[in-house]
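Novice:
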Amino acid sequence: MTNAEVARVLANIAVMLEMEGGNPFRVRAYREASRVVLSQAEPVGTLAEEEGRLESLGGIGKDLAGKIRDLVKTGTTKVYDELKAKIPLEVVALTELQGLGPKRVGTLFQVLGVKNRADLEQAARAGRLRDLPGFGEKIEQNVL
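Just so we're aligned, residue 34 is where the sequence shown starts under this note's numbering, counting upward by one.
1. Any idea if residue 69 is buried or exposed, counting beta-carbon neighbours within 10 angstroms, 16 or more meaning buried?
2. Does the beta-carbon of residue 100 have 16 or more other beta-carbons within 10 angstroms, so that it is buried, or is it exposed?
3. Should residue 176 be labelled buried (16 or more other beta-carbon atoms within 10 Å of its own) or exposed?
4. So, with DSSP's three-state summary, where would you put residue 73?
5. For residue 76, which of 141, 156, 105 and 137 has the nearest alpha-carbon?
6. Which residue comes first and which comes last in the alpha helix (DSSP H) that contains residue 91?
7. Helix, strand or coil: how does DSSP classify residue 169 here?
Next up, the structure:
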């Protein structure tokens with residue numbers, strides 16, 4: 034996997050953990066690891082091969098280094114597979130829309146069952162977003 038691919042998976046894990054209401058420190062650790070991996074000039078695969086190299090990077094501890102090694106070797110990691118089983122990547126992609134961060138998208142997914150852009154637009158047209166806590170007409174209009 035390239036640095037960008039590993040960074041994307043780590044960022045997705047952070048988003049999914051936040052959507053679930055996960056520990057903010059754990060969410061931040063995955064976000065930081067994503068940023069660190071993306072900023073490396075050297076391929077993360079090379080860093081993963083040498084004992085202690087990943088851990089020497091700021092923001093990457095032993096646990097995250099192990100997950101990065103798994104990603105490089107297999108293309109996935111246990112925590113990512115578990116999260117994807119609960120939260121589809123289409124749902125994660127909704128966080129890229131203006132005004133919809135992980136917490137709001139998590140609410141949309143859990144309360145309204147919104148799984149993709151089409152579901153989101155349908156819920157907005159039906160006026161169902163404005164009834165959710167932290168949402169309003171403005172977000173509904175932005176979606177449409």
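We put the beta carbon where it would ideally sit given N, CA and C, even for glycine.
Source: prediction; values computed, not measured.
Specialist: Reading it off the structure:
1. Looking at its Cβ environment, which holds 16 or more other Cβ atoms inside 10 Å, residue 69 is buried.
2. Taking all protein chains in view, the Cβ of residue 100 is crowded by 16 or more other Cβ atoms within 10 Å, so the residue is classified as buried.
3. With at least 16 other beta carbons inside 10 angstroms of its own, residue 176 counts as buried.
4. Three-state result, residue 73: coil.
5. Just measuring C-alpha positions, the residue of 141, 156, 105 and 137 sitting nearest residue 76 is 105.
6. In the DSSP assignment, residue 91 falls outside any alpha helix (DSSP H) and carries neither an H nor an E.
7. Looking at residue 169 - three-state DSSP - the assignment turns out to be coil, as it is neither helix nor strand.
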